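So the structure is just underneath, and the comments pick up after that.
Number of protein chains: 2
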Amino acid sequence: MEGLTKIDDLGQPRVVIVGGGFGGLALAQALADVPVQVVLIDKQNYHAFQPLLYQVATAGLAADTIVAPFRKTLGEQKNFYFRLAGVQSIDPAAQVIETTIGLLRYDYLVLATGATANYFGDAEMQRHAITLKSVSDALELRNTLLANFEQALQLGDMEKINSLLDFVIVGGGPTGVEMAGALSELRAHVFPKDYRELDFKEMDIHLVQSGPVLLKGMSAQASAKALEYLRDLGVEVLLDARVKSYDGYTVTLSDGQRLITRTLIWAAGVTGAPVAGLEAGCLLPSNRYRVDEFNRVAGYDNVFAIGDIALMSGQPDYPEGHPQVAQPALQQGQRLGQNLALQLAGRPMQPFVYHDKGSMATVGRNRAVADIKLFGREYHLSGLLAWLAWSLVHVMSLVNFRSRVAVAFTWAWNYWSQDKGLRYIIGRVKTAPAVDAGTTAEKAIV
Amino acid sequence: MEGLTKIDDLGQPRVVIVGGGFGGLALAQALADVPVQVVLIDKQNYHAFQPLLYQVATAGLAADTIVAPFRKTLGEQKNFYFRLAGVQSIDPAAQVIETTIGLLRYDYLVLATGATANYFGDAEMQRHAITLKSVSDALELRNTLLANFEQALQLGDMEKINSLLDFVIVGGGPTGVEMAGALSELRAHVFPKDYRELDFKEMDIHLVQSGPVLLKGMSAQASAKALEYLRDLGVEVLLDARVKSYDGYTVTLSDGQRLITRTLIWAAGVTGAPVAGLEAGCLLPSNRYRVDEFNRVAGYDNVFAIGDIALMSGQPDYPEGHPQVAQPALQQGQRLGQNLALQLAGRPMQPFVYHDKGSMATVGRNRAVADIKLFGREYHLSGLLAWLAWSLVHVMSLVNFRSRVAVAFTWAWNYWSQDKGLRYIIGRVKTAPAVDAGTTAEKAIV
Chain A
331 MEGLTKIDDL GQPRVVIVGG GFGGLALAQA LADVPVQVVL IDKQNYHAFQ PLLYQVATAG
391 LAADTIVAPF RKTLGEQKNF YFRLAGVQSI DPAAQVIETT IGLLRYDYLV LATGATANYF
451 GDAEMQRHAI TLKSVSDALE LRNTLLANFE QALQLGDMEK INSLLDFVIV GGGPTGVEMA
511 GALSELRAHV FPKDYRELDF KEMDIHLVQS GPVLLKGMSA QASAKALEYL RDLGVEVLLD
571 ARVKSYDGYT VTLSDGQRLI TRTLIWAAGV TGAPVAGLEA GCLLPSNRYR VDEFNRVAGY
631 DNVFAIGDIA LMSGQPDYPE GHPQVAQPAL QQGQRLGQNL ALQLAGRPMQ PFVYHDKGSM
691 ATVGRNRAVA DIKLFGREYH LSGLLAWLAW SLVHVMSLVN FRSRVAVAFT WAWNYWSQDK
751 GLRYIIGRVK TAPAVDAGTT AEKAIV
Chain B
331 MEGLTKIDDL GQPRVVIVGG GFGGLALAQA LADVPVQVVL IDKQNYHAFQ PLLYQVATAG
391 LAADTIVAPF RKTLGEQKNF YFRLAGVQSI DPAAQVIETT IGLLRYDYLV LATGATANYF
451 GDAEMQRHAI TLKSVSDALE LRNTLLANFE QALQLGDMEK INSLLDFVIV GGGPTGVEMA
511 GALSELRAHV FPKDYRELDF KEMDIHLVQS GPVLLKGMSA QASAKALEYL RDLGVEVLLD
571 ARVKSYDGYT VTLSDGQRLI TRTLIWAAGV TGAPVAGLEA GCLLPSNRYR VDEFNRVAGY
631 DNVFAIGDIA LMSGQPDYPE GHPQVAQPAL QQGQRLGQNL ALQLAGRPMQ PFVYHDKGSM
691 ATVGRNRAVA DIKLFGREYH LSGLLAWLAW SLVHVMSLVN FRSRVAVAFT WAWNYWSQDK
751 GLRYIIGRVK TAPAVDAGTT AEKAIV
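Here it is as structure tokens:
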């Protein structure tokens, strides 16, 4: 890139949105008929549907079925402009952001940069763990676990083999629970056919949760049921357990217990992805921007933050902020779109009110838990009914029609065949530190 | 990998197949019920359907729809073993091959390593050109052309913009023709919607063919019709033209003409991918192994070569060898499977006879050419009928049922919507040499 940006000046106020996740995309769409120029910048040219990344990582869905190129999704929106770029800093006095491709003027700036994995400063963990925040992460995890099995075939030493077959998932939220469930289904139905030479009774899946329950934030019923499902599927769930360190081979827990794995999946919490340039006071210790009920960043009139990167004050039900999931981001994006229209029309903005529709998580075939809020009442579902509800809600939430058809079709196929067909290694593999080959002579002819 | 291989000894003759393209895969399948151990080694864990790579590169098909993981495709075959590895050399006296994961003994060795792009020793061309021999190549090309357009939006200088919008395809065989057609369809129906800010009248597609006709080897009718179709679609076809050099920006032709492009697609012939260790005499100048009518490599009893890497002597109709396409490879793999069974049963092997079913190439929507050989007669089709035949043959040739359904579905969708939906940049982008930003001041605020 040449560091030189060129963009039409429409003579209308320009809204620059940084990040095209659930919030940024919803906002861009909500501004379709508002007399503003919408400029979205993102480091990817597509929106990724994060809640299904774990299925990409476990060979259940193709990456392309859960992504939506921005230019395709929003291409017909006349006031929409996209730039493939990362943001580097903000100059709020000049109303300019610096990006990887140059300087961009704004009238309204909306930060929707989301959150990244929080390793709590553990650089060794960050180096060795795999996380699930992007499509590239998911593909890397899929490639790595398949490459691990290929490599395990070469080894004689049982501990070395186990280091490749075993998985440790850190974090008992939806991502951790769903990942553990998907891996156990692969272990039961798919891998034994592919790798007849390996003994899958040796494949252990550990789920490490720091608190006393899984799916914190969901109902007690849901938490208990998810635990029951996972244990039924043979996942070793460690509650009230914390990971102290991981060197790429040995996981050490706080109580001294050790687990051996070359694949640690980090799903243990996130931290905001803030941008340099705003006053320090508006950034909270969680790296989220403090925003008011109109999603305005504290101290600024024309800088907003939505979604995971925002923490809204004055919300008695959510003193620590709204949950960092899709729904609040989406609703904030929609509300902010309406509010910008109101403001341009000289009318007062409406405060954001979060409508919690409930939460759900799936563990496997016919097994899910759901807390659904309807007409002020909460319903707790589990089993087949929850699983159908989860599937339906996720298909309908996908951004475009093509994705909905493709995901529904793939799920039907996978369900019917008990198979996950996307077991190919294309692209990057996370290289674990070399395992000593042990005492067997190298270059033996077999 | 630890350089240490472990594999069951079944007490049966071991057939080691190097490469799982059309030939290697067909052979492995043909040996399903033969009392041998089949060991396939490949650098990828999947078979890729090369004839459709150009559609992956032009956002028409997802990569996963045209690949078939070996372990899934052949997983139920009890005598089948797979190892993810590359071959390094052969020791025919010891009957051992050296691979990236160790030494492997064989009773019968089958080289099915295929062919790679032939740059005729031009290292600069090899560094800057993109080819279409693997899934990674196709994805890299897709990523690169999309990234080019994103970058073109940033530039003011028309020559620089054109260097990003223009494409030069070298080679007028099926890959070159199909690629040119697919790019012209993207130019007509897809890109102008995505990139409203670019003027697609500026996007030139050049197809450079060294000989006087396109699709050499097909009928004169087919060649002429393909040329007509491409010119209708606005492709600039240069016949009897040769590329002299390419520095990543300027293409110089033999007659001195210059074309500017940052994306040169090399589809101008292939060379064999031989393995070290066999006697020099059996390797021909085209880097293909000289084989007899049983696909035995000259001078060896238990070393075979099939497909692109083999050149069969004593074939009056094919003095330069069979065409380096799917059909001969597939048929040789099947025949060799039968011949190994015969040999083990102490019966004489049957010579290979190539059954040419004809050739076809598609240029675009409803536009294709086909020479079909049926019952000793040759039929020349073009237009809609040829296009339907091409589509049907390609869908039916895909390795597994899932791919057939997915490709047929995607094609129906693309046809109906006149869209190619897979326009996302995931993974590697070919980085062209930096383009001088020209006189415009850097860091201008826009």
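Those protein sequences? They're chains A and B, same order as listed. Add 330 to a position in the first sequence, counting from 1, and you land on the number used in this note's numbering. Add 330 to a position in the second sequence, counting from 1, and you land on the number used in this note's numbering. Cβ atoms here follow ideal geometry from the backbone N, Cα and C, with glycine treated the same way. The structure presented is a predicted model; accordingly, all values stated were derived computationally and were not measured.
What are the start and end residues of each continuous alpha helix (DSSP H) run of 4 or more residues lying completely inside the region 584-638 of chain B, in chain order? DSSP runs (the alpha helix (DSSP H)) wholly in the region 584-638 of chain B: none.
Thinking L469 of chain A and T740 of chain A are a contact (beta carbons under 8 angstroms), I'd like their distance in whole angstroms, please. Taking a contact as a CB-CB distance under 8 angstroms, the pair L469 of chain A and T740 of chain A does not count as one, their CB atoms being some 16 angstroms apart.
Close Cβ partners of G511 of chain A (< 8 angstroms) along its chain, the five nearest in sequence each way excluded: Closer than 8 angstroms at the Cβ level, and outside the excluded window around G511 of chain A, lie Y559, L560, L563, V565, T692, V693, G694, R697.
Span of the alpha helix (DSSP H) around D727 of chain A: Note that residue 727 of chain A is Ser in the sequence shown, not Asp. 713-727 is the extent of the alpha helix (DSSP H) around S727 of chain A.
Count the C-beta pairs between the region 350-360 of chain B and the region 421-429 of chain B that are closer than 8 angstroms, then say yes if the count reaches three, no if not. Three or more beta-carbon pairs separated by less than 8 angstroms are not found between the region 350-360 of chain B and the region 421-429 of chain B, which leaves the two stretches without contact.
Contact between the region 599-615 of chain B and the region 630-644 of chain B (3+ Cβ pairs under 8 angstroms): Look at the beta carbons and you see the region 599-615 of chain B touching the region 630-644 of chain B: at least three pairs across the two are nearer than 8 angstroms.
List the residues of chain B whose Cβ lies closer than 9 angstroms to the Cβ of E527 of chain A, in chain order. Under the 9 angstroms cutoff, chain B gives K336, I337, D338, Y411.
Any beta carbon of chain B sitting closer than 8 angstroms to that of L494 of chain A? Cβ-Cβ to chain B under 8 angstroms: no for L494 of chain A.
Using beta carbons (cut-off 8 angstroms, strictly below), is R472 of chain A in contact with chain B? It does not; no Cβ of chain B falls within 8 angstroms.
Short-range partners of chain A found in the region 481-511 of chain B, where Cβ spacing is below 8 angstroms: Here the close residues are Q481, L483, Q484, L485, G486.
Any beta carbon of chain D sitting closer than 8 angstroms to that of L728 of chain B? The displayed structure is made up of protein chains A and B, and chain D is not among them.
Residue-chain proximity (S466 of chain B, chain A), Cβ-Cβ < 8 angstroms: Contacts with chain A at 8 angstroms (Cβ-Cβ) include S466 of chain B.
I want to verify the contact list: residues of chain B whose CB lies under 8 angstroms from the CB of I371 of chain A, in sequence order. Below the 8 angstroms Cβ cutoff, chain B contributes no neighbours of I371 of chain A, its closest Cβ being approximately 11 angstroms away.
Please check if any C-beta of chain A sits within less than 8 angstroms of the C-beta of A777 of chain B. Examination of residue 777 of chain B is not possible in this model, given that chain B is present from 331 through 776 alone.
Below-8 angstroms beta-carbon distance, Y384 of chain A vs any chain B residue: By this cut-off, Y384 of chain A is not an interface position.
Mind listing, in chain order, the continuous beta strand (DSSP E) runs of no fewer than 3 residues lying wholly within the region 660-712 of chain B? With a minimum length of 3 residues, the continuous beta strand (DSSP E) runs that stay inside the region 660-712 of chain B are 688-694, 697-704, 707-712.
Within the 8 angstroms Cβ cut-off, does L544 of chain A reach chain B? Using a Cβ-Cβ cut-off of 8 angstroms, L544 of chain A does not count as an interface residue toward chain B, since no Cβ of chain B sits closer than that to its own.
Using a C-beta to C-beta distance shorter than 8 angstroms, which residues of chain A count as neighbours of P755 of chain B? The amino acid occupying residue 755 of chain B in the given sequence is Ile; Pro does not appear at that position. Within 8 angstroms Cβ-Cβ: Q374, N375, Y376, L414.
Run the CB neighbour count on E532 of chain A, radius 10 Å, all protein chains shown included, and call it buried at 16 or more, exposed below. Exposure of E532 of chain A is indicated by the presence of fewer than 16 other C-beta atoms within 10 angstroms of its C-beta.
Could you check where the beta strand (DSSP E) with K574 of chain A kicks off and where it finishes? Per DSSP, the unbroken beta strand (DSSP E) holding K574 of chain A starts and ends at 573-576.
Any residues in the region 422-441 of chain A with a beta carbon nearer than 9 angstroms to a beta carbon of chain B? Which ones, in chain order? Those would be A424, V426, E428, I431, G432, L433, L434, R435, in chain order.
Nearest residue (CA-CA) to F400 of chain A, options A:G432, A:G351, A:G751: When only C-alpha atoms are compared, the closest one is A:G351.
Limits of the unbroken alpha helix (DSSP H) element including Q385 of chain B: For Q385 of chain B, the enclosing alpha helix (DSSP H) covers residues 383-387.
Name, going along the chain, the residues of the region 379-407 of chain B whose beta-carbon falls closer than 7 angstroms to a beta-carbon of chain A. A392, A393, D394, V397, P399, R401, K402, G405: these are the residues of the region 379-407 of chain B whose beta carbon lies less than 7 angstroms from some beta carbon of chain A, given in chain order.
Could you pull out every residue in the same chain whose Cβ sits closer than 6 angstroms to the Cβ of E428 of chain B, ignoring the five residues on either side in sequence? Annotation for E428 of chain B: Q418, S419 place their beta carbon closer than 6 angstroms to its own, counting only its chain and skipping 5 residues before and after.
With DSSP run on the structure shown, which of helix, strand or coil describes R753 of chain B? In the structure shown, R753 of chain B sits in coil (DSSP, three-state: anything other than H, G, I, E or B).
Does the separation of the CB atoms of N478 of chain B and T593 of chain B fall below 8 angstroms? Yes, the pair counts as a contact, with Cβ atoms nearer than the cut-off.
Spatial distance of F624 of chain B from V538 of chain B (CA atoms): Cα to Cα, the separation comes out at about 38 angstroms.
Give the interface partners of I775 of chain A over in chain B, defined as CB-CB distance under 9 angstroms, in chain order. The contact set of I775 of chain A on chain B, defined by CB atoms closer than 9 angstroms, consists of T335, A424, V426, G432, L433, L434, R435 in chain order.
Just mark H685 of chain B as buried or exposed, buried being the case when its beta carbon has 16 or more other beta carbons within 10 Å. By the 16-neighbour rule on beta-carbons within 10 angstroms, H685 of chain B is exposed.
With a cut-off of 8 angstroms on the beta carbons, I'd call G444 of chain B and G349 of chain B a contact; round off their distance for me. Between G444 of chain B and G349 of chain B, the beta carbon gap of about 6 angstroms places them in contact (Cβ cut-off 8 angstroms).
With distance defined between alpha-carbon atoms, name the residue in A:W746, A:M509, A:G578, A:V364 nearest to R785 of chain A. Within the shown structure, residues of chain A are numbered from 331 to 776, placing residue 785 of chain A beyond reach of any answer.
Could you confirm whether any beta carbon from chain B is found closer than 8 angstroms to the beta carbon of R732 of chain A? Taking 8 angstroms as the CB threshold, R732 of chain A lines the interface with chain B.
Closer than 7 angstroms by C-beta to K760 of chain B: which residues in its own chain qualify, once you throw out the five before and the five after it? Chain order, please. Apart from sequence neighbours up to five positions away, the residues of its chain that approach K760 of chain B with a beta-carbon distance below 7 angstroms are I460, E470, T474, ordered along the chain.
Using 8 angstroms as the limit for Cβ to Cβ distance, is K687 of chain B near chain A? With 8 angstroms as the cut-off, K687 of chain B does not count as an interface residue toward chain A.
Can you give me the Cβ contacts of E708 of chain B inside the same chain, cut-off strictly under 8 angstroms, excluding the 5 residues immediately before and after it? Around E708 of chain B: S549, G688, D701, I702.
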